[in-house]
Amino acid sequence: MPRPLRLGVNIDHVATIRNARGGRFPDPVRAALLAVEAGADGITAHLREDRRHISDADIETLREQVTAPLNLEMAATEEMLRIALRHKPHAACIVPEKREERTTEGGLDAASGHNHLKPFVSALREAGIRVSLFVEPDRKQLDAAVTLGAPVVELHTGAYCEAEGEGRERELARLTDAAAHAEAVGLECHAGHGLSYDTVAPIAEIPTIVELNIGHFLVGEAIFVGLADSIRGMRERMDRARGLA
Ligand code: PXP
Numbered sequence: 000m001p002r003p004l005r006l007g008v009n010i011d012h013v014a015t016i017r018n019a020r021g022g023r024f025p026d027p028v029r030a031a032l033l034a035v036e037a038g039a040d041g042i043t044a045h046l047r048e049d050r051r052h053i054s055d056a057d058i059e060t061l062r063e064q065v066t067a068p069l070n071l072e073m074a075a076t077e078e079m080l081r082i083a084l085r086h087k088p089h090a091a092c093i094v095p096e097k098r099e100e101r102t103t104e105g106g107l108d109a110a111s112g113h114n115h116l117k118p119f120v121s122a123l124r125e126a127g128i129r130v131s132l133f134v135e136p137d138r139k140q141l142d143a144a145v146t147l148g149a150p151v152v153e154l155h156t157g158a159y160c161e162a163e164g165e166g167r168e169r170e171l172a173r174l175t176d177a178a179a180h181a182e183a184v185g186l187e188c189h190a191g192h193g194l195s196y197d198t199v200a201p202i203a204e205i206p207t208i209v210e211l212n213i214g215h216f217l218v219g220e221a222i223f224v225g226l227a228d229s230i231r232g233m234r235e236r237m238d239r240a241r242g243l244a
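So the sequence shown is numbered by numbering that gives the first Met the number 0: it starts at 0 and just counts up by one.
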């Protein structure tokens, strides 16, 4: 029997649309509640330093109104740590963050960032928050996650999604190798970034990946089919590829 594959729906870009005008619509918390109804196993939100999409108030309301697990994506900064410890989400995914980037470009350098990251991983773990590190599909980064005491890694699928032809096959091979290595060294393995209906199946087929976090495509597709159908379509493709449907 294949392992279940969880879907974390990232609602950041519902907030992006809201913030384009200011005001309250569309409401990312309503999107989160609908996402769970449509088959999401959890909600993911990235509170960025510049608050370009999700706001502090969104995190507060998500914690009050959504009972599904919340995965807070956060940079390793004192400010974000304070916020995470205050809200105690189910999970925190530590991501690299550059102010000028459009989205999270590249994974965290867990290998050379050990001394900076260690206190963040420890403090989050002590608070009972499941910590993951968003890393490139590279064995060295996974070994560094083990050394840091992080129980989970999320593999960056951005390069795989952007590549075409043989390049994509190469990136898929890197992801497959990293996911197998994760299991061998005792890490729970997640994946995400840039996934769409066209790219999700080969990732869902990798048996040691147990969670995908997907946002931008789902919110975009929702413009055409509505958020619930957009999510259901992803769930179906994931479950079919995994051999669960
Ligand atoms: N996982 C992580 C760690 C991310 O930073 C992001 C983007 O915020 C995602 C998954 C989702 O990426 P996308 O919005 O491209 O599906």
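We treat Cβ as the ideally placed atom computed from N, Cα and C, and that holds for glycine.
These numbers were taken from a predicted model, which means no experiment stands behind them.
(Q) To the nearest angstrom, how far is the alpha carbon of Glu100 from that of Leu107? (A) Each residue's Cα considered, the two are about 14 Å apart.
- prompt: Just the Cα atoms here: how many angstroms apart are Arg85 and Glu170?
  reply: Rounded to whole angstroms, Arg85 to Glu170 spans 38 Å at the Cα level.
Given this structure, state the Cα-to-Cα distance separating Gln140 from Thr175, to the nearest angstrom.
Straight-line measurement puts the Cα of Thr175 at about 15 Å from the Cα of Gln140.
Of the residues Ala31, Leu147, Leu33, Ala14, the one placed nearest Pro25, counting alpha carbons only
Here the closest residue by C-alpha is Ala14.
**Study point:** DSSP bridge partner residues for Gly7 (one or two, in chain order)
**Key:** Note: Gly7 sits in a beta bridge opposite Gly41, Asn212.
Closest to Ala90 by CA distance: which of Asp238, Gly242, Glu210 is it?
Ranking Asp238, Gly242, Glu210 by Cα distance to Ala90 puts Glu210 first.
Does the region 190 to 199 come into contact with the region 214 to 227, if we say contact requires no fewer than three beta-carbon pairs (one atom in each stretch) closer than 8 Å? Result yes; three or more Cβ-Cβ pairs closer than 8 Å.
Assign Gly191 to one of three DSSP states: helix, strand, or coil. The answer is strand: DSSP assigns Gly191 an E or B state.
Closest residue to Ile93 among Pro136, Asn70, Lys87, Leu61 (Cα-Cα distance): When only C-alpha atoms are compared, the closest one is Asn70.
Open item on the list: Taking only three categories from DSSP, how would you classify His89?
Closed with: Per DSSP, reduced to three states, the secondary structure at His89 is coil, with no helix or strand assignment.
_What would DSSP say about Ser131, mapped onto helix, strand or coil?_
Residue state, collapsed to three classes: strand.
Practice task
May I ask you to check if the CB of Glu48 is nearer than 8 Å to at least one heavy atom of the ligand PXP?
Solution key: In terms of side-chain proximity, the C-beta atom of Glu48 is found no nearer than 8 Å to any non-hydrogen atom of the ligand PXP.
request  = Go ahead and label Glu72 buried or exposed: buried means 16 or more other beta carbons lie within 10 angstroms of its beta carbon, across all protein chains shown.
outcome  = Looking at its Cβ environment, which holds 16 or more other Cβ atoms inside 10 Å, Glu72 is buried.
In its own chain, which residues sit with a C-beta less than 7 Å from the C-beta of Glu135, not counting the 5 before and 5 after it?
Once the five neighbours on either side are set aside, the close Cβ partners of Glu135 are Gly105, Gly106, His155.
Below 8 Å CB to CB, which residues in the same chain sit around His12 once its five sequence neighbours on both sides are set aside? If we look at His12 and ignore the five residues flanking it on each side, its Cβ neighbours are His52, Gly214, His215, Val218, Gly219.
* **4 or more residues per run - each alpha helix (DSSP H) lying fully within the region 96 to 176** => With a minimum length of 4 residues, the continuous alpha helix (DSSP H) runs that stay inside the region 96 to 176 are 113 to 125, 138 to 147, 157 to 161.
Give me the residue from Val130, Phe119, Phe133 with the minimum Cα distance to Thr76. When only C-alpha atoms are compared, the closest one is Phe119.
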